[in-house]
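One point on numbering: in UniProt numbering, the residue at position 154 of the sequence shown is 154, and numbering is uninterrupted.
Beta carbons: idealized from backbone N, C-alpha and C, even for Gly.
Values in this document were obtained by computation on a predicted structure and should not be read as measured data.
I have placed the structure first, in the form of structure tokens, so that the comments after it can refer back to it.
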Amino acid sequence: MTVCLSSCSVCDPTALMALFFFLPPPSVFLSLSRVFLSDIRLRVRAEYCQHEPVLRQNVISNKQNHLERQFDVFGQSNTILKSRDLGSIICDIKFSELSYLDAFWNDYMNGSLLEALKGVFITDSLKEAVGQEAIRLLVNVDEDDYEEGRRLLLENVSPQVW
């Protein structure tokens with residue numbers, strides 16, 4: 001099982017170690033002669049809960065033409081929203097065993113994965129950086145990835161010879 005980090009601006013690199021609590025130990029792979037892997041993409045994003053108050057305070061257009069005013073307001077809003085981007089991380093996780101894939105999916109579905117990742121990504125330094133504004137963590141795993149990975153692992157289960 002490998003984890004590939006595409007980008008990380010939400011947390012410090014040591015915080016990523018918490019992801020490894022959900023991964024099986026490397027010894028799982030030592031005895032496997034032919035390994036089939038399923039790819040699951042985990043997306044974690046921190047974002048502000050409320051954008052409207054900031055937009056209302058900072059977006060003003062004095063354009064007379066209605067269409068020009070709409071474009072002006074849109075452009076200003078877009079700039080403000082981009083400046084408030086707290087970042088995200090994308091992890092591609094490869095599962096070689098169905099039990100690990102199912103356990104990961106169950107943790108995702110019942111919310112325990114989100115709760116565990118909150119403690120890692122919503123750090124004191126992030127809270128300090130955003131001040132009094134409320135932030136939330138969004139965690140997404142595509143169900144199609146899970147179903148495809150499950151199908152792949154089920155198709156490639158070799159019968160054990162005793």
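My output table needs one value for residue 59: the three-state DSSP class, helix, strand or coil.
Looking at residue 59 - three-state DSSP - the assignment turns out to be coil, as it is neither helix nor strand.
Report the partner residues of residue 140 according to the DSSP bridge assignment.
43
What did DSSP end up calling residue 151 once you bin it into helix, strand or coil?
helix
I'd like to know whether the C-beta atoms of residue 67 and residue 130 end up nearer to each other than 9 Å.
The beta carbons of residue 67 and residue 130 sit no closer together than 9 Å.
Could you pull out every residue in the same chain whose Cβ sits closer than 7 Å to the Cβ of residue 142, ignoring the five residues on either side in sequence?
41
Quick one: Cα of residue 154 to Cα of residue 91, how far?
23 Å
Going by CA-CA distance only, name the one from 71, 70, 55 that's closest to residue 84.
55
Run through DSSP, which three-state label would residue 80 get?
helix
How would you label residue 29, buried or exposed, when you count the other beta carbons within 10 angstroms and need 16 or more for buried?
Confidence is the limiting factor: at residue 29 the pLDDT is only 46, short of 50, which leaves the residue's position unreliable, though a coordinate-based value still follows. Label assigned to residue 29: exposed.
So does the segment 107-122 actually touch the segment 58-77, counting three or more Cβ pairs closer than 8 Å?
no
Quick check on this structure: which residue in 51, 123, 139, 147 has the alpha carbon closest to the alpha carbon of residue 82?
The option with the nearest alpha carbon to residue 82 is 51.
How would you call residue 95, buried or exposed, if buried means at least 16 neighbouring beta carbons within 10 angstroms?
buried
Would you mind sorting residue 106 into buried or exposed? The rule is 16 or more other CB atoms within 10 Å of its CB.
exposed
Got a sec, what are the start and stop residues for the alpha helix (DSSP H) residue 119 sits in?
DSSP places residue 119 inside the alpha helix (DSSP H), whose first and last residues are 112-121.
What residue range is occupied by the uninterrupted alpha helix (DSSP H) comprising residue 85?
Looking at the DSSP string, residue 85 is not in any alpha helix (DSSP H), and its letter there is neither H nor E.
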